[in-house]
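Just so we're aligned, residue 1 is where the sequence shown starts under UniProt numbering, counting upward by one.
Quick reminder that beta carbons are idealized off the backbone N, C-alpha and C, glycines included.
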Amino acid sequence: MADYRVPREDMQFVLQDVFKVHEDWAKIEAFADVDIDTAVAIIDEGAKLAESLIAPNARAADEEGVSFDNGVVTTPQGYKENFKQLAEGGWVGVTANPDFGGMGLPKSVSAQYEEMLCAADISFSLYSGLTAGAIMTIDQHGSDELKATYLENMISGNWAGSMCLTEPHAGTDLGIIRTKAIPNEDGSFAISGTKIFITGGEHDLTDNIIHLVLAKLPDAPAGSKGISLFLVPKFLVNADGSIGERNGVHCGSTEHKMGIHASATCVMNFDGAKGWLVGEPHKGLPAMFTMMNYERLGVGIQGLGAAARSYQNALEYAQDRIQGRGAKATQQPEKEADPIIVHGDVRRMLLTMKAFVEGGRAFSTYVGQQLDLAKYAADAETRQRAEALVQLLTPVAKAFLTDTGFEATVLGQQVFGGHGFIREWGQEQLVRDCRIAQIYEGTNGIQALDLLGRKVAGSRGELLKPLLADIQALLAEPLAGFEAEYQQLADATQLVHQVTVQVLSKVMDDENIINSVAVEYLNLIGYVAFGYVWLRMAAAAAPQVAEKPHLASKLKTAKFYMARILPRIESLATTIKDGSQSLYLHDLGDF
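Written out as structure tokens, the structure reads:
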């Protein structure tokens, strides 16, 4: 596998020139000490960690995997030492509350760091990523006592975190979970039940693991409205903050998986484990979903990171590998054959990857910017508008970034040909590791239902308006040389409007319409959103090309995206217009 190189210049370009995030930071008290120079310094330091420490160990860690022995999970060689360095650098608490030792950086900056960590090694990134999610949930919903007891050690990386949702019989449908929480006399609760697919549920990286567990109280209402959230430590914590006795929670086994072999995916058994309520009784799901917007963007970035690594590997291979002859204009007669990058089909694959990677980086930054504004903007109108965009784009970020990320890893494998199928070059690991991102944190089909059913249909299309307004604002300032592409994006937004009106008009008469076309609808929004960020990048790059010639590639890739990828929306729209009709011609016995 080629050495991983963090795309520092492109990350700075997206932050500074495309989205001008520093202008937002200047208006936000929480980011008073953050500017572009700070962001660049963070990216540079994170890049050193990803390139020199994490990425070189990824393949060996995948081959070794985690080991399980009578409840004890051991991570691959190098992980414990690398995690210690990560923690000592403060990287577990990149966006965490400074009051408890976090960096308190904007999400738009941490998105860049998350991408490089995922590109370096998705498995390794999960341990700190899940901890960051647990930190956020405790900080926003935990009592002052819970914050004081747990946050500092979690943010410092001395302790890790996990999120325990799924049960053997309850994956997406959390309303039917069976884990129970029985009140104790001291105000704590006895937690009993089994959770599966728990990332980082047990490992040897930290002294303690703090589990956030969904469970039901004895008087819980039926369904999802009866779920509460509890903090359950692996080891109890003494009054002086030191680690006490072992709690009643143990790892029953680890899963043997297609990918992310170095990430411990655990079955966790809670046997009267002592836990503490986080937030209000029966309000566990809303509390958990507070951090889901961040976590689901984070999972999307896993797909982006894998795609970025795939593109770098495939590009280097295509430049070096000589096979056959290209067109006369590209031939190198002094060599026995030409590099495969001269061939049209290889260029198609490389440019598709490049368009997905750089478009995904811009899109994830755009969503991160909205998360920052929704949480920190001073005026209510800005916060509300950003929150609407976050609601709309979170399922798109999770699903579309992982779908295009997986496509990019497969394309990279295809560029390598047979060498992409064998272990030596590392491409097959990227395909395996990326695949899970389309499944966990809510499958991409569930994300599509959330987008079309809950967000678009649920708001009667109102949540679409801020995105379409941002696109219209871009189109109002045409870019010379891109007249056709701007018109194409205008037509695409009109198609979104038409399709949305058509679907909403059928909802009352066709109970299957939402679940029949949701995936196609999400992809439609994803491709149009990428068209928007690509033309924003072109508009930001064009004035600088004379001074920075490398930005000419942005203009060329933008034209490629609009010509070769955005037209996919036409077939999606045709499928959406079919509604549920062709899907429900079959009776159950006809399959």
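According to the neighbour-count rule (16 or more other Cβ atoms, all chains shown, within 10 Å of its Cβ), is residue 280 buried or exposed? exposed
Grab the span of the beta strand (DSSP E) containing residue 159 for me, first residue to last. 159–164
Can you find at least 3 beta carbon pairs, one from the segment 371–391 and one from the segment 24–38, that sit closer than 8 angstroms? yes
From 311, 226, 191 and 315, pick the residue whose C-alpha is nearest to that of residue 270; which is it? 191
For residue 557 and residue 351, believed in contact at Cβ under 8 angstroms, the rounded distance: 7 angstroms
On the three-state DSSP scale, how would you describe residue 102? coil
Residue 325 - DSSP class collapsed to helix/strand/coil: coil
From 524, 548, 10 and 430, pick the residue whose C-alpha is nearest to that of residue 62; which is it? 430
If you check the beta carbons only, do residue 427 and residue 447 fall under 8 angstroms apart? no
Out of 480, 311, 228 and 202, state which residue places its alpha-carbon closest to the alpha-carbon of residue 165. 228
Nearest-angstrom Cα distance between residue 125 and residue 367? 20 angstroms
Residue 464 beta carbon less than 8 angstroms from that of residue 500: yes
Which parts of the segment 306–391 are runs of the alpha helix (DSSP H), unbroken and 4 residues or longer, counting only runs that do not cross its ends? 344–376
Mind checking which residues open and close the beta strand (DSSP E) that includes residue 237? 235–237
Grouping DSSP H, G and I as helix and E and B as strand, with all else coil, what is residue 71? coil
Apart from the five residues just before and just after residue 364, which ones in its own chain have a Cβ nearer than 8 angstroms to its Cβ? 111, 115, 297, 300, 301, 304, 397 and 401
According to DSSP, which residues form a beta bridge with residue 183? 189
Count the other CB atoms within 10 Å of the CB of residue 19; is the residue buried (16 or more) or exposed (fewer)? buried
State whether the segment 339–350 contacts the segment 148–160, with contact taken as three or more CB pairs (one from each stretch) at a distance under 8 angstroms. no
Looking only at its own chain, which residues have a Cβ that is under 7 angstroms from the Cβ of residue 312, when we skip the five neighbours before and after it? 2, 4 and 5
Can you tell me the Cα-Cα spacing of residue 423 and residue 479, whole angstroms? 46 angstroms
Closest residue to residue 494 among 544, 450, 569 and 230 (Cα-Cα distance): 569
Host beta strand (DSSP E) of residue 24 (start-end): Premise fails: residue 24 lies in the alpha helix (DSSP H), 21–25, not in any beta strand (DSSP E).
Residue 269: first and last residue of the uninterrupted beta strand (DSSP E) it sits in: 265–278
Start-to-end residues for the beta strand (DSSP E) that takes in residue 245: 243–246
Bridge partner(s) assigned by DSSP for residue 177: Per DSSP, none; premise fails for residue 177.
Do residue 75 and residue 262 have their CB atoms nearer than 8 angstroms? yes
Counting C-beta neighbours from all protein chains within 10 Å, is the total for residue 537 16 or more, i.e. buried, or is it exposed? buried
List the residues that DSSP assigns as beta-bridge partners of residue 211. 162 and 232
Measuring only the C-alpha atoms, how far is residue 354 from residue 552? 14 angstroms
Check whether residue 170 and residue 121 have beta carbons under 8 angstroms apart: no
Does DSSP classify residue 424 as helix, strand or coil? helix
Hey, how far is the Cα of residue 549 from the Cα of residue 541? 10 angstroms
Can you tell me which residues form a DSSP beta bridge with residue 525? Note: residue 525 sits in no beta bridge, so no partner.
Less than 8 angstroms separating the beta-carbons of residue 242 and residue 174? no
Coil, strand or helix - residue 283 by DSSP: coil
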